[in-house]
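Data first, discussion second: the structure below is written as structure tokens.
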Amino acid sequence: MMEEKIKKYVHSRYGFDHGPKNQIRMEKITAVMLSKCREKMANGEDEDAAFRNLIDEFEESEQTEVLRRTPIHRIVWNAMLMLSFLFLLLVLIVRLTDWEAELLFSGQLWI
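Right under this line is the structure:
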């Protein structure tokens with residue numbers, strides 16, 4: 001029962017890629033999760049609680065792994081791009097409102 005739950009979870013998480021490397025990765029993740037779940041159940045947790053705790057731990061470690069793999073220069077570069085885009089958007093808005101105000105005060109724009 002537990003093995004099927006874990007296989008379903010891993011397949012729903014990584015099953016979109018059908019390559020051989022991904023299949024091996026899915027089998028390794030399933031094996032590790034199953035052994036950790038059995039260990040938790042041996043420590044006295046019931047099956048559902050052990051599965052939920054295992055999924056929570058896995059999600060948390062997956063997020064930290066993604067952050068750990070992302071180089072700092074890519075994070076800084078993305079932040080700079082976002083800030084420059086926001087600055088250009090602000091300049092565009094100011095220019096358009098300035099242009100509309102100029103037309104309004106000259107009497108060429110009717111509201």
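So the sequence shown is numbered by the working numbering: it starts at 1 and just counts up by one. No residue lacks a Cβ here, since even glycine has one placed at the ideal position from N, Cα and C.
Worksheet entry | Reference residue 3; option with closest CA among 14, 94, 48 and 96 | Within the sequence shown, numbered from 1, the residue matching residue 3 stands at position 3. For residue 3, the nearest C-alpha among the options comes from 48.
Discussion item. Using a Cβ-Cβ cutoff of less than 8 angstroms, which residues in the same chain neighbour residue 11 once the five nearest sequence positions on both sides are dropped?
Written reply: As a first step, residue 11 must be located in the sequence shown, where it is residue number 11. Around residue 11: 26.
Worksheet item: Applying the criterion that 16 or more other CB atoms from any shown protein chain within 10 Å of the CB defines a buried residue, is residue 54 buried or exposed?
Response: For this step, residue 54 is matched to residue 54 along the sequence shown. Buried.
Worksheet item: Short check: CB of residue 50 to CB of residue 40, under 7 angstroms?
Response: On the sequence shown, position 50 is the one that residue 50 refers to. On the sequence shown, position 40 is the one that residue 40 refers to. For residue 50 and residue 40, yes; Cβs fall inside 7 angstroms.
Fill in: Same chain only: Cβ atoms within 8 angstroms of residue 7, ignoring 5 sequence neighbours per side
As a position in the sequence shown, residue 7 is number 7, starting the count at 1. Cβ neighbours of residue 7 beyond the five flanking positions: 30.
Worksheet item: When we look at the beta-carbon of residue 33 and count the other beta-carbons within 10 Å, is it buried (16 or more) or exposed?
Response: Locating residue 33 in the sequence shown gives position 33, where the first residue counts as 1. Residue 33 comes out buried.
Discussion item. Between which two residues does the alpha helix (DSSP H) holding residue 22 run?
Written reply: Mapped onto the sequence shown, residue 22 falls at position 22. Run containing residue 22: 20-42, per the alpha helix (DSSP H) assignment.
Fill in: Through-space distance from residue 42 to residue 113, alpha-carbon basis
Because residue 113 is not part of the residues shown, which for the chain are 1 to 111, the question remains open.
Discussion item. Can you look up residue 57 in the DSSP assignment and give me helix, strand or coil?
Written reply: As a working mapping, residue 57 is identified with position 57 in the sequence shown. Helix at residue 57.
Worksheet item: Which residue comes first and which comes last in the alpha helix (DSSP H) that contains residue 4?
Response: Sequence index remark: in the sequence shown, residue 4 carries index 4 (1-based). Boundaries of the alpha helix (DSSP H) around residue 4: 2-14.
Fill in: Collapsed DSSP secondary structure at residue 46 in the structure displayed
Here residue 46 is taken as the residue at index 46 of the sequence shown, counted from 1. If DSSP states are grouped into helix, strand and coil, residue 46 belongs with coil.
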